[in-house]
Amino acid sequence: LQATGGAEVVKIAPGGSPETMWTSRQDLVFALGLSSAGRLLLGTGDNGTLIEMEDNDVYSSIAHTASAQVTSLVAAPDGKVFVATANPGKIFTLGPGYESNGSFESEPFDAKIFSRWGRLTWWGGNGAAQGKVAFYLRCGNTSNPEVSWGPWTGPYKNPAGDPTDCPPSRFAQWKAVFLDAGSGAPPSIAWVSLAYQPRNVAPVIDDIAVQDPGTRVAGPPGQPEGFANTTPVQLRMPQKPSASAGAAASVITQASARRTKIEMPPRGLQQKGYQSVLWNSHDDNDDDLEFAIYYRSEGDQSWRLLKDKLTEEYYSWDTTSMPDGAYYLKIVASDAPANPADQALSAERESNRFEVVNTPPRIENLHAGSAVPRSKASFEAVSASSTIDRAQYSIDAGDWQIVFPTGQLSDAQKENYEIELPALPPGEHTLAVQVSDRYDNTATSQVTFTVPPHAAK
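All the letters of the sequence shown, read from the start, carry residue numbers 106 to 562 under our numbering.
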């Protein structure tokens with residue numbers, strides 16, 4: 106037994122080394138025995154299945170009893186095996202020969218999307234390809250084949266592929282019927298493939314993350330993009346949808362394998378005047394997508410193309426040619442690269458509001474003069490599009506000193522500042538002030554004033 110449920114069968118060599126021969130997450134092994142051919146038999150539950158182990162870790166489900174558990178296996182002198190079961194308690198005989206006819210049903214396959222079903226191809230040995238095996242197929246739109254599914258279609262006897270008669274649906278299940286198994290070696294099936302084409306569905310833009318102003322997005326590290334001596338920036342990543350449960354295992358496979366995409370996250374770099382956007386998308390058909398980005402200013406109803414033919418889920422652009430103001434982005438995803446033009450589909454999503462501000466603030470009414478006992482200065486910081494974020498001053502090219510507005514809080518597009526300067530020696534001095542808005546646009550101004558001899562006492 107396994108601690109996580111299910112069971113496994115382990116073969117222990119004479120030297121003591123273990124080898125796992127069989128494992129299952131659902132079935133429990135209640136009994137072990139040997140067939141007339143000397144192969145290991147597993148009596149399992151709770152589906153009442155009898156399993157025969159073959160060479161090279163291959164096993165077969167050779168019988169399904171009408172009980173829940175196979176609890177005992179006893180060899181009889183004539184090559185038969187007595188099979189005891191529980192729930193309900195019964196005794197069956199197994200072998201030593203095969204039934205003249207038998208069948209095997211696959212697990213229902215979930216295509217996840219409403220699909221058209223194509224050719225059924227298969228291969229097997231011991232006469233399976235010479236008429237000893239016939240295939241049937243049924244389809245439906247519920248996970249339970251016994252609920253609202255269509256009837257079995259077939260038989261399909263051509264291993265190279267017969268067109269199937271199942272109507273378009275989401276689920277499919279095949280059945281192999283073995284004929285004349287009683288004469289000679291029983292036929293075997295090595296693999297089965299059912300071609301299908303999912304209905305094309307539109308892609309989905311899951312989320313859009315507009316970055317802070319002054320952020321430029323570049324490809325993964327190692328790509329030569331000429332951004333030397335730039336400061337890294339932490340990117341705001343778009344939210345991904347919750348992962349759905351994986352598809353159940355099935356021997357039905359797709360006609361063509363899909364490529365595995367490995368995507369490295371982009372880098373964020375600080376670059377004045379740039380704006381960046383990242384987004385997440387998915388396509389239930391796993392189609393290759395291309396993207397287009399549109400923008401509009403607040404109050405404007407028409408969208409303008411910013412960039413198209415994008416394959417990456419990020420984009421950066423220089424905003425210095427755009428007027429200051431509030432904007433919105435629209436991301437359009439299209440599966441045109443993977444579909445005929447008349448079947449391609451697209452989807453779009455709008456971003457949250459963001460602002461573009463590249464015009465620096467102004468410094469007005471800068472004055473400085475002597476007073477007793479200290480000199481004083483005053484000025485105004487004015488921004489046309491943003492709030493004032495900070496101000497600082499320097500005397501005679503000294504260190505910059507932070508100064509707060511008269512209201513102590515920088516939260517308006519116009520702020521007033523008054524500075525009481527430190528004691529200065531008599532003579533001419535230069536006061537430089539610098540103000541920045543919250544988009545890091547900066548303005549600098551200076552004024553020269555004279556401290557008379559008596560003001561230094």
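Idealized CB from N, CA, C, for every residue including glycine.
Pair within 8 Å by beta-carbon distance, PHE283 and GLY230 | no
Should the region 228-245 be called in touch with the region 266-276, which here means at least 3 C-beta pairs below 8 Å?
-> yes
Starting from GLY230 and walking both ways along the beta strand (DSSP E), at which residues does that stretch end?
-> 214-230
Please confirm whether ALA136 and GLY153 have their CB atoms less than 8 Å apart.
-> no
For CYS244, the first and last residue of its enclosing beta strand (DSSP E) | 238-245
Which parts of the region 146-223 are runs of the beta strand (DSSP E), unbroken and 3 residues or longer, counting only runs that do not cross its ends?
-> 154-158, 164-169, 174-180, 186-191, 195-199 and 207-210
What separation, rounded to the nearest whole angstrom, lies between the Cα atoms of SER253 and PRO264?
-> 29 Å
Cα-Cα separation between GLN302 and ARG409, rounded to whole angstroms = Looking at the two C-alpha atoms, the distance is approximately 36 Å.
By DSSP, does PRO123 sit in helix, in strand, or in coil?
-> strand
Since PRO313 contacts GLU453 with CB under 8 Å, what's their CB separation in whole angstroms?
-> Looking at the sequence provided, one finds Ile at residue 313 rather than Pro. Not quite, the Cβ-Cβ distance comes to about 11 Å (not below 8 Å), so this is no contact.
Within 8 Å, strictly: CB atoms of LYS435 and GLU485 | no
Rounded distance between the beta-carbons of GLN551 and LEU529, thought under 8 Å | Cβ atoms of LEU529 and GLN551 stay farther apart than 8 Å, at about 15 Å.
For the beta strand (DSSP E) that contains TRP422, what are its first and last residues?
-> First-last of the beta strand (DSSP E) with TRP422: 419-423.
Shortest alpha-carbon distance to ALA473 belongs to which of PRO292, PHE554, GLY194 and GLU403?
-> PHE554
Alpha carbon of ASN390 to alpha carbon of ASN463, nearest angstrom | 42 Å
Hey, PRO378 and VAL322 are a contact pair by Cβ (cut 8 Å); roughly how many whole angstroms apart?
-> With the sequence shown as reference, residue 378 is identified as Gly, and Pro is not the correct amino acid for it. With a Cβ gap of about 14 Å, GLY378 and VAL322 do not count as contacting.
Inter-stretch contact (C-beta, 8 Å, three-pair minimum) for the region 396-403 and the region 433-450 | yes
So what's LEU118 in DSSP terms, helix, strand or just coil?
-> Note that residue 118 is Ala in the sequence shown here, rather than Leu. Three-state result, ALA118: coil.
Kindly indicate which three-state DSSP category PRO268 falls into: helix, strand or coil?
-> strand
Beta-bridge partners of THR416, as assigned by DSSP = According to DSSP, which records beta bridges pairwise, THR416 is partnered with nothing at all.
In the DSSP assignment, what are the bridge partners of GLU251?
-> Answer is none; GLU251 lacks a bridge partner.
Beta strand (DSSP E) segment containing LYS280, residue limits = 274-283
According to DSSP, residues forming a beta bridge with TYR261 | PHE240
Touching by the beta-carbon criterion (3+ pairs, under 8 Å), the region 213-227 and the region 186-205 = Taking 8 Å as the limit for Cβ pairs, the verdict is that the region 186-205 does not touch the region 213-227.
By how many angstroms is the C-alpha of LEU155 removed from the C-alpha of THR128?
-> 14 Å
Cβ-based neighbour list, LEU145, same chain, cut-off 6 Å, excluding 5 preceding and 5 following = MET158
For SER274, the nearest candidate out of SER293, SER499, VAL297 and ARG304 (CA to CA) = ARG304
Pick from VAL306, PRO256, LYS345 and ASN385: whose alpha carbon is nearest that of TYR420?
-> If we check each option's Cα against that of TYR420, ASN385 comes out closest.
Proximal residues to PHE276 (C-beta, below 8 Å), its chain only, five neighbours per side dropped | PRO213, PHE214, ASP215, ALA216, CYS244, GLY245, ASN246, THR247, SER248, PRO250 and TRP254
Kindly identify the DSSP beta-bridge partner or partners of LYS481.
-> In the DSSP assignment, LYS481 forms a beta bridge with GLY474 and GLU525.
Tell me whether LEU340 is buried or exposed, calling it buried when 16 or more other Cβ atoms sit within 10 Å of its Cβ.
-> buried
Nearest to LEU526 (by Cα), restricted to the options THR416, GLN539, GLN506 and SER177 | GLN506
Is GLY512 buried or exposed, if buried means 16 or more other CB atoms sit within 10 Å of its CB?
-> exposed
My guess is that VAL315 and VAL382 are in contact by the Cβ rule of under 8 Å, so how many angstroms apart are they, rounded?
-> 5 Å
Looking only at its own chain, which residues have a Cβ that is under 7 Å from the Cβ of ARG467, when we skip the five neighbours before and after it?
-> Answer for ARG467: VAL487 and ALA548, listed in chain order.
If you draw a straight line from the C-alpha of ILE167 to the C-alpha of SER122, how long is it?
-> 29 Å
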